[in-house]
Amino acid sequence: MGMERRGLVAYVEAQIERDIALGRLHPSGQFGSEAKLARRYEVCRGTIREALRRLAARGLVVQRSGRKTRAVALDESLTLENLGLALHDASNPDARWLLEGYFSLKRQVLMELLADCCARASDLDLDRLGSTCFQLQDAAHWEPGATCVQVEFELLRQAARVAARPGHVLLVQSLQRAFLGGAAQLMPLMGGEALRAWALCVTAILHERDVQALQQELPALLKARDDRVLDAFAPAPPVPAAPEAPCAQEVDLGAPVPATGQDDALGKTFSVDEGAVGRVTPAAAQDETREASPCGEERGLDHLASSDEPDDAPEAQVRVEENSPGGRDGRPPIPLWPPDNP
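As structure tokens, then:
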């Protein structure tokens, strides 16, 4: 197959994949005949046949002898390699959700691999990883996003081999294919200072074998770059502002109050305190007091009671004791505090 033919097949494959992702097929998921598809995409039937074969190999369509080719339902066909299916329509809320899951998985893989490298890798292996980190710093500063992606996955691959985790080697390969195959629109966003910041952090962590810094500092730096890409690709819907609480409109208790206002406030305060000091107010009475007092005034009672009126406090105390049980019938008044020796 010549270069021009391969490019044409890849183009038709991408167009059919896009039609599947955007729901442009018949509700049954069935395609028309090869001749009909050839007319639709303006190519020969052989190109259509090869494009469908590729889509079947990726699990996006089902081909059975004697039956029409049928597209697999989107929720059944989604894999790492087919992530691009969900990213064709950035306005779909699932697109951001799935891409966020992809980034979260990649961060988790990197953290696990670097932790193993810090614990078990030789100094020579750590030097090689550090050299790749320096390349990533330079790429983040000078190179386009596609180059940054290539170096970033090279770091992941090296870390998987140094950590002796063959399963992670395969997982890194799948993560890279998923990104390159379906997220081309994200490539320009993958460089910049956010990438350079975490590459610098990884360089220092590997040099010091500092697992504590790895766990405390690196996750936030990785997430900052990923969030920047997510917000540029599919901005999150704005969160509605919460209604202001009624208390927010009350007068500031710390603001200066006119002299007459202070006198009124003090008078109200002592009228409440005189019936409360020295005895426990029943729960029902407390509830009535809270409902009667405006929000803010209840919080300010202690502040107002401790204002510049020290001589009135003893007088108020005497009045309370006179009204307390036993104050007028000759029996000794009930003490305000329990005796030291019961």
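One rule links them: number in this note's numbering = place in the sequence shown (from 1) + 4.
Cβ atoms here follow ideal geometry from the backbone N, Cα and C, with glycine treated the same way.
A quick note: this is a predicted structure, and the numbers were derived from the prediction, not measured.
Quick one: Cα of residue i to Cα of residue j, how far?
i             : j            : result
leucine 41    : leucine 84   : 28 Å
histidine 92  : alanine 77   : 15 Å
proline 241   : glycine 195  : 25 Å
valine 255    : alanine 203  : Note on valine 255: pLDDT 45, under 50, position unreliable in the model; no value is reported.
arginine 9    : leucine 56   : 15 Å
leucine 12    : valine 176   : 29 Å
leucine 160   : glycine 63   : 26 Å
valine 16     : leucine 102  : 25 Å
arginine 100  : leucine 234  : 7 Å
glutamine 112 : glycine 149  : 22 Å
alanine 201   : cysteine 137 : 11 Å
glycine 27    : glycine 36   : 15 Å
Of all the options the options, which has the alpha carbon lying nearest to the alpha carbon of residue i?
i                 : options                           : result
phenylalanine 237 : Leu190, Leu199 and Arg200         : Leu190
arginine 157      : Pro192, Leu140 and Pro170         : Note that residue 157 is phenylalanine in the sequence shown, not arginine. Cα-wise, what sits closest to phenylalanine 157 is Leu140.
glutamate 128     : Leu210, Gln219 and Ala201         : For clarity, residue 128 is leucine in the given sequence; the question names glutamate instead. Considering only alpha carbons, the answer is Leu210.
alanine 94        : Ala25, Val166, Ala217 and Arg181  : Ala25
histidine 30      : Ala60, Ala75, Ala167 and Ala228   : Ala75
alanine 198       : Ala188, Ala224, Gln180 and Asp214 : Ala224
valine 215        : Ala125, Pro239 and Pro170         : Ala125
Short of 6 Å in beta carbon distance, which residues of its chain neighbour residue i, apart from the five on each side in sequence? Order them along the chain.
i                 : result
isoleucine 52     : Glu38, Leu41 and Ala42
threonine 151     : Ala143
phenylalanine 107 : Asp230
glutamate 54      : Val13
cysteine 121      : Ala163, Val166 and Ala167
glutamine 34      : Lys72 and Arg74
arginine 68       : none
leucine 226       : Arg111 and Trp202
Going by beta carbon distance, what residues of the same chain come within less than 7 Å of residue i, once the five residues before and after it are set aside?
i             : result
cysteine 48   : Ala42
glutamine 19  : Tyr45
valine 65     : Leu56, Leu59, Thr73, Arg74, Ala75 and Val76
glycine 134   : Thr207, Leu210 and His211
valine 153    : Phe183, Met191 and Met194
arginine 213  : Cys122
glutamate 147 : Gly195
histidine 145 : Arg200
Leaving out five residues before and five after residue i in sequence, what residues of the same chain have Cβ atoms less than 8 Å from its Cβ?
i            : result
leucine 118  : Ala163, Val206, Ile209, Leu210, Leu218 and Leu222
leucine 87   : Leu102, Leu103, Tyr106, Ala182, Phe183, Gly185, Gly186 and Ala187
leucine 179  : Leu84, Tyr106, Leu109, Lys110, Val113, Phe157 and Leu160
aspartate 98 : Ala90
valine 173   : Arg161, Ala164 and Arg165
Uninterrupted alpha helix (DSSP H) stretches inside the region 24-64 (no shorter than 4 residues): 38-45 and 49-61
Sequence ranges, alpha helix (DSSP H) only - wholly within the region 93-167, length at least 4: 97-124, 127-146 and 149-166
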